[in-house]
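Take a look at the structure below.
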Amino acid sequence: ARRGPRRRYGDVVPADFALPPCGLGRPAPSYLCEFYNAYLRGDAKRLDAVLHDDVAWLISGPADHVDFFGMRRGKTAVIELITRIIPCFQELTGFEIEQLLAQDDRAASFGRVRSRQRETKRSIRFAYAHFMRFQDGKLISMRALTDSFDAVEQLMGYRISLVSGPSLAPDNSNDEVSVI
């Protein structure tokens, strides 16, 4: 059971933005804090300092429908993603980090992204998980999983209608189980 009020990280991004402790109460590594600060601010100069030249960045989701989903390779492509492409859709306002694990050069976080839709300024909030690897204190690999269906619906401002097709399973009116 959760004790006390829910902690929200990223409500305001002060200069000393702090992450929750990483497993066993250890503080988050400074390079992880620097990365999240640069990401939230969309600051190209700070991003340049925290990203490895050969960074590989993947945000899972329907890349054919929303430009910020998909794979990016190299520092220039990732900085463009964060400073130019993502802001075309949303303004990141924070991460509500529920779980954070870091050990050696790897880190993982789970929580909710908070943002505002660019055109309407509607608040958006959806689940995410980040799996990161650092080399020499710089991010070299990011794998981001999001509740992309929820995120896209919120960004677009309407529910996506799922068209159902014919079922692959036969209709068994006598309640028998069929294995296909």
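All residue numbers for the sequence shown refer to this note's numbering, where the first residue is 1256 and numbers rise by one.
Note that beta-carbon positions come from the ideal geometry of N, C-alpha and C, so glycine has one too.
Since the model is a prediction, treat every value here as computed from it, not as a measurement.
Residue i to residue j span [Cα, whole Å]
i               : j              : result
arginine 1371   : threonine 1338 : 15 Å
glutamine 1354  : proline 1284   : 15 Å
valine 1268     : glycine 1349   : Residue placement at valine 1268 is flagged as unreliable, the pLDDT there being 37, under the threshold of 50; a coordinate-derived value is accordingly withheld.
leucine 1287    : glutamine 1345 : 23 Å
arginine 1369   : glycine 1297   : 14 Å
threonine 1331  : serine 1378    : 29 Å
isoleucine 1341 : leucine 1400   : 15 Å
glutamate 1289  : aspartate 1319 : 31 Å
aspartate 1309  : glutamate 1335 : 14 Å
leucine 1302    : tyrosine 1294  : 7 Å
aspartate 1322  : leucine 1347   : 16 Å
leucine 1313    : tyrosine 1383  : 13 Å
glycine 1325    : tyrosine 1291  : 20 Å
8 Å contact criterion, which residue i and residue j should meet: CB distance rounded
i             : j                  : result
arginine 1367 : phenylalanine 1381 : 6 Å
Candidates the options, of which the one nearest residue i by Cα
i               : options                               : result
histidine 1385  : Gly1297, Ser1315, Ala1293 and Glu1335 : Ser1315
alanine 1362    : Val1333, Cys1343, Ile1395 and Leu1295 : Ile1395
arginine 1281   : Ala1357, Gly1297 and Leu1313          : Ala1357
aspartate 1360  : Phe1389, Cys1343 and Ile1341          : Phe1389
glycine 1392    : Leu1306, Gly1325 and Tyr1291          : Leu1306
isoleucine 1352 : Leu1400, Tyr1291, Val1310 and Phe1365 : Phe1365
arginine 1373   : Leu1336, Thr1401 and Cys1343          : Cys1343
alanine 1311    : Leu1295, Leu1302 and Val1333          : Val1333
Environment of residue i [buried if 16+ CB atoms lie within 10 Å]
i               : result
alanine 1304    : exposed
lysine 1300     : exposed
methionine 1387 : buried
lysine 1376     : exposed
arginine 1328   : exposed
Entirely within the segment 1346 to 1401 and at least 3 residues each: give me those beta strand (DSSP E) ranges in chain order.
-> 1361 to 1372, 1378 to 1390 and 1393 to 1401
Let me know the alpha helix (DSSP H) ranges lying completely inside the segment 1287 to 1329, each 4 residues or longer, listed in chain order.
-> 1299 to 1305
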